[in-house]
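First up is the structure itself, then whatever we jot down about it.
Pasting the structure below:
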């Protein structure tokens, strides 16, 4: 061809083979991502034939990570993250420490030097953004209590890796057995990095929170769908790029906070919906790029070492995470979900190993082992997730200590015995603690209508109770949670959780407990409105309809009275 078409060829072969092998994987009842990994392996340097440009593929995959994290940010608020800080912060630190020590311990028996062992252990300690989010999305768990904990955990890990990537170059001399550069000031480096991260977050929450929704609204008023979609993609990628360039924040973390501030716009659901095809397409390229790194020879040459790496990733750090979740008095199923969510590694591991190679702290064998561990753990992750229900049910039936563990309730998961009787009958059950629900709660209080608020966050529930509000914590669609909110005796159920995958199940469970209950819910699409509206005693609202009704109401009020002439 007369000109360079490496980008086109990479996209053609990457998407084409991913489609073929993803389809085959689905037909074989295996996760589609296995097919994407195979596609990447086939266009990688380890196999004959066409070899995709690895630099291009990695950059395209990075775009996928940015778009995916941007989409997640649009479903999470700062309050959601702060609500899980008590478990996500210590959890991420303990899990990363445990995995790092396990990796270093294994490397010690392989007679690796200290610096190489440390980088190797750190690379095994951090979970993949893409794998975690795709797994949660596929199971409708992204906005669940366990999903919020996992995402909060992920954000803490990303922040920790930002610090590690900053500190590794000045420490390289010491880790290679030399001495610390006398010009190095670790306290200053750490402090400066924290200040930059805090400055970025502050700017996004103070300035971005006002500017981005305002900008999105004015672009939407043009009526151009393509311009609106372009604005979403441009904001996601541009803000992530600026965050990385000016504040040394990772692309993923920058995109996540950009999505969080866009969430303040009433158009956030439209933005999430219209950017979904691009997010999915580029996420596929991430798995293709991982497959390209795979070197099959390393499994034949070092099978026991590969097995040890996979064991640390899938078992070691997952057991540490699960144990910590249990210590916080969460049920066994929550511990299993969090453990499975983190039982893989990905993009940050590759970045860290790449930096280690540049600093001459690790060799190519370490890179091959980490890549092999990443691919095998990513391939196993959907299988692990699918085993959770069977594992939980089997252990519940078999072991008394598991039944005792699951029966152990947290104080926030049931109303206190001294709760006022007005909250136990003829009340409103308000599900979710969103901006919409806060406005509804404020109006109900003015009219002295009693309510019980349900939220997935224990910390949010504790704060509500401190302010004198009856509230319970639990999964929205769980019948046990609805029972604790005394749904059986309530007049109304108001669902203000946002776009929740378990919406229909929640309504069905509420109707099962109280067939006469009136349900009020917001729909986010015409199809969802039609589906929910078909259910008995369910009042469905769309913000477009509400807005149009308000406009017509005010318009009629301002029209002059018709003359009798």
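In my numbering, the protein residues as written are 3 to 567.
Where a beta carbon is used, it is the ideal one built from N, C-alpha and C, also for glycine.
| Asked | Found |
| --- | --- |
| C-alpha gap between residue 15 and residue 32, whole angstroms | 22 Å |
| CA-to-CA distance, residue 487 to residue 524, given in whole angstroms | 20 Å |
| Limits of the beta strand (DSSP E) - the one that residue 522 falls within | 520 to 524 |
| CB-CB length for residue 386 against residue 342, believed under 8 Å | 5 Å |
| Cβ-Cβ distance between residue 482 and residue 456 below 8 Å | no |
| Separation of residue 246 from residue 254, as counted between CA atoms | 9 Å |
| Secondary structure of residue 128, DSSP reduced to three states | coil |
| Burial state of residue 560 (16 or more Cβ within 10 Å) | exposed |
| Whether residue 458 touches residue 437 by CB criterion (8 Å) | no |
| Residue 92 beta carbon less than 8 Å from that of residue 326 | yes |
| Contact under 8 Å by Cβ, residue 407 with residue 357 | no |
| Sequence-distant residues of its chain with Cβ nearer than 6 Å to residue 47 (five each side left out) | 53 |
| Burial state of residue 216, where buried means 16 or more other Cβ atoms lie within 10 Å | exposed |
| Nearest to residue 290 (by Cα), restricted to the options 554, 9 and 41 | 41 |
| Completely contained beta strand (DSSP E) runs for the segment 468 to 542, where each covers 3 or more residues | 473 to 475, 494 to 497 and 520 to 524 |
| Same chain only: Cβ atoms within 7 Å of residue 106, ignoring 5 sequence neighbours per side | 119, 120 and 123 |
| Contact check, residue 34 vs residue 24, beta carbons under 8 Å | yes |
| Endpoints, beta strand (DSSP E) assigned at residue 451 | It is not in any beta strand (DSSP E) - residue 451 carries neither H nor E in the DSSP assignment. |
| Inter-residue spacing [alpha-carbon to alpha-carbon] between residue 537 and residue 506 | 9 Å |
| Pick from 372, 280 and 249 that is closest to residue 298, judged by C-alpha positions | 372 |
| Residue 200 versus residue 161: straight-line alpha-carbon distance, rounded | 11 Å |
| At least 3 beta-carbon pairs within less than 8 Å: the segment 309 to 317 vs the segment 387 to 397 | no |
| Where residue 38 falls, given that 16 or more other Cβ within 10 Å makes a residue buried | buried |
| Chain-order list of residues whose beta-carbon lies under 7 Å from that of residue 96 (same chain, five-residue window excluded) | 322 and 326 |
| Same chain, Cβ closer than 7 Å to residue 396, five either side skipped, listed in chain order | none |
| Nearest-angstrom beta carbon gap, residue 370 and residue 128 [assumed within contact, 8 Å] | Actually they are not in contact, since the Cβ atoms of residue 128 and residue 370 sit about 18 Å apart, beyond 8 Å. |
| Backbone CA spacing between residue 363 and residue 131 [nearest angstrom] | 25 Å |
| Run of the alpha helix (DSSP H) containing residue 306, from where it starts to where it stops | 305 to 313 |
| Member of 376, 367, 508 and 154 whose CA lies at the smallest distance from the CA of residue 258 | 154 |
| Within 8 Å, strictly: CB atoms of residue 139 and residue 94 | no |
| As assigned by DSSP and simplified to three states, the class of residue 133 | helix |
| Proximity to residue 115 [Cα-Cα], best of 18, 365 and 349 | 365 |
| Inter-residue spacing [alpha-carbon to alpha-carbon] between residue 166 and residue 509 | 46 Å |
| Secondary structure of residue 209, DSSP reduced to three states | helix |
| Residue 307, buried or exposed, once every other Cβ within 10 Å from all chains shown has been counted against 16 | buried |
| When 152, 67 and 368 are compared against residue 113, the one with the closest alpha-carbon | 368 |
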